[in-house]
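One structure is given below, encoded as structure tokens.
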Amino acid sequence: SLTVTEISIPKTPTLPDAQTVTSVTHWTDRLFSFRVTRPQSLRFRSGEFVMIGLMGENGKPLLRAYSIASPSWDEELEFYSIKVQDGPLTSKLQHIQPGDQIILRPKPVGTLVLDALLPGKRLWFFATGTGLAPFASLMRDPETYERYDEVIMMHTCRDVAELEYGRQLVESLPEDPLIGEFVAGKLRYYPTTTREDSAQMGRITDNLTSGKVFADLGIPPISPDTDRGMVCGSLAFNTDMKQVLEGFGLREGANSDPAEYVVEKAFVG
Ligand code: A2P
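Counted the way full-length UniProt numbering counts, the sequence shown spans residues 4 to 272.
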């Protein structure tokens, strides 16, 4: 006779490296941010990224590299994402709700870290679109302000609405009970749009090469003696920025060989 052995299958299969979504904010029809629980053991350096995602229909995890947008002292993790309607991950990820689970591999890596830069006076953050994310972390890290006298955040998007996540974050910092005293008087913000009229316009590359940003901020041009840079955006932006910064005499650094600037590609689909 046939013996049937019963095995118990859990009703909701537990994802490997599962974390729980705690909040979601939709900024535009193309942009959203969300917060998740943080694994107890996860330590990271501001500016690093981790692999996050969802379980695919084939039962395999669908993961992409996402910069951690929250500071290392935060008890949750924050991410800032594009929504691509036919994107394999973001077409689904954009629908997450508080209480849902995502997969998060707790292995932070990346080149946009303070340790990859030599000491200096001014630190520049150059971002397009969701390339703001690693700087959302670095702007909230006290060490950023301990290492540099002045921090300048340049962020460029097509439209005003796409700047909003960054703008609200920057504007909240001087009043922040934890980080406010470090930020006050040291962080300068230079947002621009390229396709919608706003107070300040133009690509980051153009505003640097023309000298407009230096004139607007009343500061001397970028020099390898004083200035350090971190770049995060599309591949084309990163390539063009490397040329611009090399033109000012800055050299690309790495964790193992710190220099005057570092670059990382923002997640784009
Ligand atoms: P532009 O509108 O002139 O293309 P996207 O939404 O396509 O990712 O672009 C985000 C922002 O980055 C836009 O303001 C865009 O300007 C700008 N941008 C795109 N490519 C470059 C580049 N190679 N150099 C400087 N800025 C760029």
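Cβ atoms here follow ideal geometry from the backbone N, Cα and C, with glycine treated the same way.
Computed from a predicted structure; not experimentally measured.
In this structure, Ile105 keeps its C-beta atom at 9 Å or more from the C-beta atom of Val163.
At the C-beta level, Gly123 and Glu263 come within 9 Å of one another.
Within the same chain, Cβ atoms closer than 8 Å to the Cβ of Pro227 are found at Phe251, Gly252, Leu253, Arg254, Glu263, the five residues on either side in sequence being excluded. Apart from the 5 residues on each side of it in sequence, Arg143 sits with its Cβ closer than 6 Å to the Cβ of Pro74, Ile182 in its chain, given in chain order. In the structure shown, the three-state DSSP call for Val154 is strand. Straight across, the Cα-Cα distance linking Thr229 with Tyr192 is about 19 Å. Within 8 Å of the C-beta of Thr40 there is not a single heavy atom belonging to the ligand A2P. Burial of Glu267 is indicated by the presence of at least 16 other C-beta atoms within 10 angstroms of its C-beta. Counting C-beta atoms within 10 angstroms of its own C-beta, Glu60 has fewer than 16 neighbours from the protein chains shown and is therefore classed as exposed. Residue pairing for Pro194: DSSP places it in a beta bridge opposite His158.
DSSP places Met142 outside both helix and strand once states are collapsed to three, so it counts as coil. Taking non-hydrogen atoms of the ligand A2P into account, the C-beta of Arg198 is found less than 8 Å away from one of them. For the pair Met58 and Gly256, the Cα-to-Cα distance works out to about 36 Å. Phe37 places its beta carbon 9 Å or farther from that of Glu78.
Exposed is the label assigned to Trp76, since fewer than 16 other Cβ atoms lie within 10 Å of its Cβ.
Taking 8 Å as the cut-off, one finds at least one heavy atom of the ligand A2P near enough to the beta carbon of Val271. Here Pro137 carries a helix assignment [DSSP, helix/strand/coil]. Residue state for Ala239 is assigned as helix, using DSSP reduced to three classes. In the pairwise beta carbon analysis, the region 104-119 is classified as touching the region 42-59: at least three pairs are separated by under 8 Å.
Short of 6 Å from the beta carbon of Ala139, and not among the five residues preceding or following it, lie these beta carbons of its own chain, in chain order: Ala72, Leu172. The three-state reading of DSSP puts Asp260 in strand, counting E and B together. Distance from the C-beta of Met244 to the nearest heavy atom of the ligand A2P is below 8 Å.
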